[in-house]
Amino acid sequence: MTDQRDTPAELPKAYQHHHVEARWYRFWMERGYFRADAADRTRPPFCIVLPPPNVTGSLHLGHALTATLQDVLCRWKRMSGFNVLWLPGTDHAGIATQMVVEKEILRTEGKSRHDLGRAAFLERVWAWKDKYGSRIGEQHQALGASLDWSRERFTMDEGLSRAVREVFVRLHEEKLVYREKKLINWCPRCHTALSDLEVHYEENHRGELWSFAYPLAEPVPAAERAAEEAGSARRRAEAKPEQSAEEAGSARRRAEAKPEQSAEEAGSARRRAEAKPEQSDDPGGQHPPGPITEIVVATTRPETMLGDTAVAVHPDDERYRSLVGRMVRHPLLGRELPVIADPVLVDPTFGTGAVKVTPAHDFNDFETGRRHGLPMISVIGPDGRMTAEAGPFAGMDRFEARKRVKEALALKGLERGSRPHLMPLGRCQRCETVLEPLLSDQWFVRIEPLARTAIRAVGEGKTRFIPESWTNTYMAWMRNIHDWCISRQLWWGHQIPAWYCPDGHWTVARERPRACATCGQGELRQDEDVLDTWFSSALWPFSTLGWPEPTEDLATFYPTSVMETGHDIIFFWVARMMMMGLHFMQDVPFRVVFLHPMVRDEKGQKMSKTRGNVIDPLDITQRYGADALRFTLAALTTAQGRDIKLASERIEGYRAFANKLWNATRFALMNLAGFAAAGEDPAALARAPADRWLLARLSRAVNETVGALEAFRFDDTASAIYHFVWHDLCDWYIELSKEALYGDDPATKRGAQAVLAHALDTALRLLHPLMPFVTEELWQTLKKAIGASGWPESVMVAPYPKRRPVDEAAERSLGPVIGVIDAIRNVRGEMNVPWKTALRGVEVGSLSPEALAIVRQEQGRILRLANVEGLRIREDGRPTEQRPGSAVSVGEGFEVRVPLAGVVDMAAELARVDKELAKVQADLGGVQKRLDNPSFVQKAPPDVVDEARDRLEELEAKKAKLEAHRRLVGEVDASPEPAPATAGAAAPPPPPDADLGARLRAEAERTARAGAAETREAEAAAERLKEDLARQAQPLGPAYMEMGVVEATPAPSRPGTANDGPAEATVAAKPAKAAPRAKPEKGKDRAGAKKAKARTGGRSKRPTSSKAATGEKRATARKKASKQRRR
RNA sequence: AGGCCCGUAGCUCAGUGGUAGAGCACUACCUUGACACGGUAGGGGUCGGCAGUUCAAUCCUGCCCGGGCCUACCA
1 MTDQRDTPAE LPKAYQHHHV EARWYRFWME RGYFRADAAD RTRPPFCIVL
51 PPPNVTGSLH LGHALTATLQ DVLCRWKRMS GFNVLWLPGT DHAGIATQMV
101 VEKEILRTEG KSRHDLGRAA FLERVWAWKD KYGSRIGEQH QALGASLDWS
151 RERFTMDEGL SRAVREVFVR LHEEKLVYRE KKLINWCPRC HTALSDLEVH
201 YEENHRGELW SFAYPLAEPV PAAERAAEEA GSARRRAEAK PEQSAEEAGS
251 ARRRAEAKPE QSAEEAGSAR RRAEAKPEQS DDPGGQHPPG PITEIVVATT
301 RPETMLGDTA VAVHPDDERY RSLVGRMVRH PLLGRELPVI ADPVLVDPTF
351 GTGAVKVTPA HDFNDFETGR RHGLPMISVI GPDGRMTAEA GPFAGMDRFE
401 ARKRVKEALA LKGLERGSRP HLMPLGRCQR CETVLEPLLS DQWFVRIEPL
451 ARTAIRAVGE GKTRFIPESW TNTYMAWMRN IHDWCISRQL WWGHQIPAWY
501 CPDGHWTVAR ERPRACATCG QGELRQDEDV LDTWFSSALW PFSTLGWPEP
551 TEDLATFYPT SVMETGHDII FFWVARMMMM GLHFMQDVPF RVVFLHPMVR
601 DEKGQKMSKT RGNVIDPLDI TQRYGADALR FTLAALTTAQ GRDIKLASER
651 IEGYRAFANK LWNATRFALM NLAGFAAAGE DPAALARAPA DRWLLARLSR
701 AVNETVGALE AFRFDDTASA IYHFVWHDLC DWYIELSKEA LYGDDPATKR
751 GAQAVLAHAL DTALRLLHPL MPFVTEELWQ TLKKAIGASG WPESVMVAPY
801 PKRRPVDEAA ERSLGPVIGV IDAIRNVRGE MNVPWKTALR GVEVGSLSPE
851 ALAIVRQEQG RILRLANVEG LRIREDGRPT EQRPGSAVSV GEGFEVRVPL
901 AGVVDMAAEL ARVDKELAKV QADLGGVQKR LDNPSFVQKA PPDVVDEARD
951 RLEELEAKKA KLEAHRRLVG EVDASPEPAP ATAGAAAPPP PPDADLGARL
1001 RAEAERTARA GAAETREAEA AAERLKEDLA RQAQPLGPAY MEMGVVEATP
1051 APSRPGTAND GPAEATVAAK PAKAAPRAKP EKGKDRAGAK KAKARTGGRS
1101 KRPTSSKAAT GEKRATARKK ASKQRRR
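Read in order, the letters of the first sequence correspond to residues 1 to 1127 in the numbering used here.
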């Protein structure tokens, strides 16, 4: 690795990431740049702990996104002088890993984990972990992640396991961990309890609401019943319709945080939807005359009726009033069940208004059972088969039992109909098996006290969510939180530090206790169960730093700076880290939570193994380069955090960007020969306006980039740099600087070299966090080429550019030059003049003194960048001389006339100008309308009104110039005598036209009035016009300076020559379009004219606008023109 | 059921109470001495719909339509 920095002096023509990436990663590692120093108190700490990927997994693009964003932050902070720790690690991922390994063993050996036994199985999992865990490291390295590998952790490391035990024991001591027999979500396939969060609800499962009758143990005699009903009818008449529903709704929510809220709406909505249609065929409400013999209930799970221990009705439901307290007989098992009244469980408007109660298999029923002291009969076992309690159905699969129970009931004539029913169905997040609520002994965390603290911390702003909208999500969940079931019936994980004696007493301890804490027996067995994976994950921000030891890492880096992760695990992980961190460290685990979007495929589908659309980041890095992938991911990470659809075109685009940068550097290296950086300020060496312009643009790019990074605006970060490199540096500066670089003026050349080198160096440092590899390669090359002394060893430890003032004058000053070049290019492009055809005799007019100065100074650049031969710059600030056979483009603060006679036909020019005019008209209409509105002038902020007036002025000036030109062209167009259509052939000059002269005069007046600042100009306009007209007969007006290649023959369109005006030839055949009528001008002597200011060429307003000085503004304005016309 | 988010150019997405933007794709022309992973120019949008607030609405408010996500124990 001695020659790794021996980058060839001449770079290859295209960037080849393969040759670069691995090399630099090794270099960084060898230098120890990734390593944090906990003892270093001179630099402020910055710490991110990597969300630990599942150890047996392989990284997908979501991980690549996480890694990229965190690396961007870490590299940026490191370069900005922070003591950065980015801590890597992996998660044992209990259930996921165990399943993978089980599956593998079954596949290869046909054995189950029980065949192997616990110890042997765990050995196999560890082996698996060692084998596949390394891939994650390789993937991170390929991405360029600057992780401190010396601190890598695994959730089942000894240190972290110790932290887990410590936390469990302490929480138990504080009564925040307890063991209890409760109803939990059970996966019969995974054979373990799950937490609420691990339940995935299928939203609209198409189920069946099946009704059957419970026969009353003793029928209610008709007389008794009649008496009841009379009372019922009376009550019904008095009762408000919503009453019962209201009570049912509110009672149901009693247990919840906000009991009353929206119960009413819920109740009435439910009634509207269901009660009315139900009533007609409601078996409970429509008794045949005679004694009551049964009560009808509806269920989606008929098999659970085997475990029913009651039938519940609403206490206010008149229909069932007479039945409460009576018994029904279980038709299949014979036992008797009470009819109970329960306002919480029962919504009288749903179904029959009577509910079967199965406390051992339904969460609502479980609570009901507790309230009423009902027996809890488990009829479904952990394997999903019916238990002995199920009588004749024992041993049957639960779904088979469902069928059989229905058949049995139907056979007894108790079936009472069914209807399709949409319902949420809980499935195992891991295997999609339908979950079974089971009664089971489990460990729980009493979460409410922990949540309260975590809510307060966020409320007080100790931890901030970005995007902020996630704060609500977090808060809502925290406020509504349920106790957390943390035990899992698995083998792979942290075995619970609790032991039980033969009498069933539990002893919780850090290490195996000698004797039972309750009875003193010595025969203790450890709980076979392990803890939920997320239990250890919750400790990650401090367990990885050495807790419970008071380590230096902990002191320096806790709380961590940023938690960067996906919003899909905000509850699983973020919320729990908050609670645990606050509880055990007395401080939040992180200051900021940045929740990134989900990465989806190009169709917007979630990436999943079953869909087969999972992409290995390595496939992309190998194909396009890690830098391209990183830049793409950053650029797609927007403020709202909407999901990312990753399309390969986008990555290709940013690979091209890397290549663009590569070639910009190549260009620099070719032109930096002899330039040695001597530490001078490039601004001091700068000579050309373009030099100062680029430095200003660079400053702006730096400010935008830093600002975006500070705000976690990764998309803006990417685009600020992209725009600077591609458009400012490559499109404009490199082209503008060629004169200087190829020329032989030493000072000018050296200035350009200094600016180029500086801009490149700065851009590479700016970009490094996003594209570490290519920037390192290029930066090293640049460093070598210019023999820079005092540069650091690597760009990754070079200082990150700092915010700086922007030289706005310099930035703006080039506006007219860029504008003129754009205008000429526009004419060339629109008129289809090929690049190789040099334009001759281009004229520039209407220049302010400042614009004149810069255009004059930079005319060499104009000639080069627009391929112009011969530029005539009008020096008296007035418009160019009007003449046929030319195209005119009017910009803000300048006007360009391109002679095209003999080059192109004038119909095209007419169309082009019409397009421009239409756009101007439209804009003008909008502005005029606003200004004509007295309310606007009165009520709008003064600066907005001023702006509108300025705008109006600009537009009117532009319009006037364009119209003048258009009339001229239109005149030509309308020529009644079509000349032979031999393009380029000399044609006689147009005959003197008195009418034309008058029209020109009128136009000039209009121009002067609207556009020029001084009203006195208007008075002189006619006079000037006369002069102009006279001058047309002369070769060149005295007001011009001429520049460019001086041809032996006069420029084609030079007035008075034979070349002038042949354009009519091909044009005249076309019927003339009516010139757009100028709108009658309102408020002609507007006050705005008074305050007309000298144009500086670019936009004089909004000096902060980054676009003000570039050609973009005009480019877009042009696009708008055609659009407007279409309307 | 509740909550949140989205609907802007062909596609993917920024954005703003007053002149609608980017990248890609598309069209035309161009091997101009860094780059065809390139250059120049161009076409393309009643900013989902309807009301309201405002001098002014793509932006704020309400409703509607369409799409997505999260939370939730309705038999």
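Beta carbons: idealized from backbone N, C-alpha and C, even for Gly.
By how many angstroms is the C-alpha of residue j removed from the C-alpha of residue i?
i	j	result
THR781	LEU85	29 Å
ARG861	ALA838	14 Å
GLY137	TRP24	16 Å
PRO589	ALA498	28 Å
GLY133	GLY57	8 Å
LEU1131	ALA683	The shown model of the chain, from 1 to 1127, leaves out residue 1131, and the question about it has no answer.
LEU661	PHE667	10 Å
LEU582	ARG479	17 Å
ALA555	TRP547	10 Å
PHE631	LEU917	41 Å
ALA639	HIS596	9 Å
MET579	LEU160	18 Å
TRP76	GLY604	31 Å
ALA142	LEU116	37 Å
Starting from residue i, trace the alpha helix (DSSP H) in both directions and tell me its first and last residue.
i	result
TYR654	648-671
LYS606	Neither: LYS606 is in no alpha helix (DSSP H) and is coded neither H nor E.
GLU777	772-785
GLY581	576-585
ASN1128	Since the first and last residues shown for the chain are 1 and 1127, residue 1128 lies out of range.
ASN472	470-479
MET906	906-932
GLY137	118-143
Identify the continuous beta strand (DSSP E) that holds residue i and give its terminal residues.
i	result
THR544	Run containing THR544: none; DSSP gives neither H nor E here.
LEU63	Reading off the sequence shown, one finds His at residue 63, where the question assumed Leu. Unbroken run through HIS63 is the alpha helix (DSSP H), 61-79; no beta strand (DSSP E).
GLY885	It is not in any beta strand (DSSP E) - GLY885 carries neither H nor E in the DSSP assignment.
GLU436	436-445
TYR742	From DSSP, TYR742 is part of no beta strand (DSSP E) but of the alpha helix (DSSP H) over 735-742.
TRP499	498-500
PRO12	Element bounds for PRO12: n/a, residue is neither H nor E.
Please report the Cβ distance between residue i and residue j, rounded to the nearest whole angstrom; I am assuming they are in contact, meaning their Cβ atoms lie under 8 Å.
i	j	result
MET607	LEU61	7 Å
TYR15	ALA658	5 Å
LEU306	VAL313	Wrong, their Cβ atoms sit about 21 Å apart, outside the cutoff.
PRO338	LEU414	Their Cβ separation, rounded to whole angstroms, is 19 Å, which puts PRO338 and LEU414 out of contact at 8 Å.
LEU490	ILE95	6 Å
PRO879	SER848	In fact, because the Cβ distance is near 13 Å, the residues do not count as touching under 8 Å.
TRP470	ILE570	6 Å
PHE154	GLY89	6 Å
VAL20	PHE773	5 Å
HIS92	GLY493	6 Å
Since residue i sits in a beta bridge, which residues does DSSP pair it with?
i	result
HIS596	GLY566
VAL355	ALA312
GLN98	Beta-bridge pairing links GLN98 to no other residue.
LEU425	GLU202
LEU337	VAL328
LYS175	Its beta-bridge partners do not exist; DSSP assigns none.
PHE894	GLY891
TRP506	TYR500
Counting only runs of 3+ residues fully inside the region 356-405, write out the beta strand (DSSP E) ranges in chain order. Taking only runs of at least 3 residues, no beta strand (DSSP E) segment lies wholly in the region 356-405.
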